[in-house]
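A short write-up of the structure that comes next.
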Amino acid sequence: MKYFRMVMALFLFLSSVESLAQSPETVEMADILRRDGKIYTVVFGLVIILTILIIILVRVDRKIFRLEKQIRNKE
Amino acid sequence: MTQYRLAWWKILIVILLYYTVIGGFLLPVPRLHILNESIRMNYFHVPMWFTMMLLFTYSVWSSIQYLRTHDIKFDDRAIESVKVAFIFGGLGLLTGMLWGNATWGTFWTSDPKLNNTAIGLLIYSAYFVLRGSLEDETQRGRLSAVYNIFAFTVFIPLIYILPRMTDSLHPGNGNNPTFRLFDTSHDMKLVVYTAIISFIGLGWWLFTLFYRLRLLKKSQDEIL
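Chains A and B, in that order, give the protein sequences.
Residues in the first sequence are numbered from 1 upward in steps of one, following the working numbering.
Residues in the second sequence are numbered from 1001 upward in steps of one, following the working numbering.
Encoded structure:
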């Protein structure tokens, strides 16, 4: 009887642990990708794209500013 | 202001954009079936529509101002903000198609939200046609301002009211849940709000560039 209770308690405890551990694990996410560090490749790619786009944007901004200045000086 | 300096809000937008791109990929998101990692599309798809809507609203306000004052600068602002808003609308459609392919299994369905958005953007594309077909500046300003107001008042029921009255796959329509203030996960809130602010800022920056280029072109035409 004593053993039965212990085994039962252990069984219930383990089953609850299992259910706790399992519920978030069943959804597929890019865990392995992130563990391998490959997601950083994509992030770096996007950061490069963003950087180039921002550089272009700032350059255009500056060019427009200079043209505006030229026209203001002419008037 | 003789020396070029990058305005503080432009620097802020750049920083927020970097946060959106890096945080959007690396910060934790809720683990949900079917959506999986594609939930991160929320960071990039939703801000496109926010930016588009804000610029369309600004353009219709400019059109109303033009009709009231007949100052041509309001007409210039209206056309340039519609241009930028149209670009963002197209980007929103493209990202939405990619997301739909990942979660619904198809790039396009005859869903009221999708179809009505496409119709709405086509209505706005007629705005460009109308402007291109008129030579006289004041006539073009007046007609296109009236058309812009018409397009906006059709656009709002088309994409925000009609899809909500029928069944739709798209979140936020036909009794579907969507991005809401209090039940969005905290991790997502941080990036979603940052993304919306930064992309609206980027849209505004692009609009100011387009508008200034237009003014430059006009003053050049006057000199020549």
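Cβ coordinates follow ideal geometry from the N, Cα and C atoms, glycine included.
For clarity, every value in this text was computed on a predicted model and none was experimentally measured.
Under a Cβ-count criterion, where at least 16 other Cβ atoms within 10 Å of its own Cβ denotes burial, should S1144/B be classed as buried or exposed?
Classification of S1144/B: buried, given that the 10 Å Cβ count is 16 or more.
Listing by chain order, which chain B residues have their CB less than 7 Å from the CB of R77/A?
Because chain A here runs from 1 to 75, residue 77/A falls outside it and cannot be looked at.
The alpha helix (DSSP H) spanning W1205/B covers which residue range?
1186-1223
Is it true that the CB of W1099/B sits closer than 7 Å to the CB of H1045/B?
yes
Over what stretch of residues does the alpha helix (DSSP H) that includes P1047/B continue unbroken?
1042-1069
Using the Cβ count rule (16 or more neighbours within 10 Å means buried), how would you classify W1008/B?
Of the other Cβ atoms in all chains shown, fewer than 16 fall within 10 Å of the Cβ of W1008/B; this residue is therefore exposed.
Going by other Cβ atoms of all chains shown within 10 Å of its Cβ, with 16 needed for buried, is M1053/B buried or exposed?
buried
How close, in whole Å, do the beta carbons of F1155/B and G1120/B come, if the pair is a contact with beta carbons under 8 Å?
5 Å
Can you have a look at P955/B and say buried or exposed, based on whether 16 or more other CB atoms are within 10 angstroms of its CB?
Past the boundaries of the shown model lies residue 955/B; chain B is included only from 1001 to 1224, so the question cannot be answered.
Got a sec, what are the start and stop residues for the alpha helix (DSSP H) W1172/B sits in?
At residue 1172/B the sequence reads Gly, which differs from the Trp that was named. Counting along the chain, G1172/B falls outside any alpha helix (DSSP H), and DSSP gives it neither H nor E.
So what's S1125/B in DSSP terms, helix, strand or just coil?
Helix.
Between N1113/B and N1173/B, is the Cβ-Cβ spacing less than 7 Å?
Here residue 1113/B turns out to be Lys, not Asn, going by the sequence shown. N1173/B sits close to K1113/B, with the two beta carbons spaced by under 7 Å.
May I have the straight-line CA-CA distance separating D31/A from L1169/B, to the nearest angstrom?
Their backbone Cα atoms lie some 28 Å apart in a straight line.
The region 1022-1037 of chain B in contact with the region 1053-1067 of chain B per 3-pair CB rule at 8 Å
no
So, does the CB of I54/A fall closer than 7 Å to a CB anywhere in chain B?
The Cβ of I54/A sits closer than 7 Å to at least one Cβ of chain B.
Any beta-carbon of chain A closer than 7 Å to the one on V1021/B?
yes
What do you get for R1077/B, buried or exposed, if any count of 16 or more other CB atoms within 10 angstroms of its CB means buried?
So R1077/B ends up on the buried side.
CB contact check: F44/A to chain B, cutoff 7 Å
Not an interface residue.
Of the residues that make up the region 1030-1044 of chain B, which ones have a beta carbon closer than 7 Å to any beta carbon in chain A?
R1031, L1032, H1033, N1036, E1037
Going along chain A in order, which residues have a C-beta closer than 8 Å to the C-beta of V1014/B?
I54
Please confirm whether L1209/B has its beta-carbon closer than 7 Å to some beta-carbon of chain A.
yes
Under 9 Å Cβ-Cβ, which residues of chain B neighbour M6/A?
Simply none; closest approach about 35 Å.
Pairwise C-alpha distance: Q1003/B and M1165/B:
54 Å
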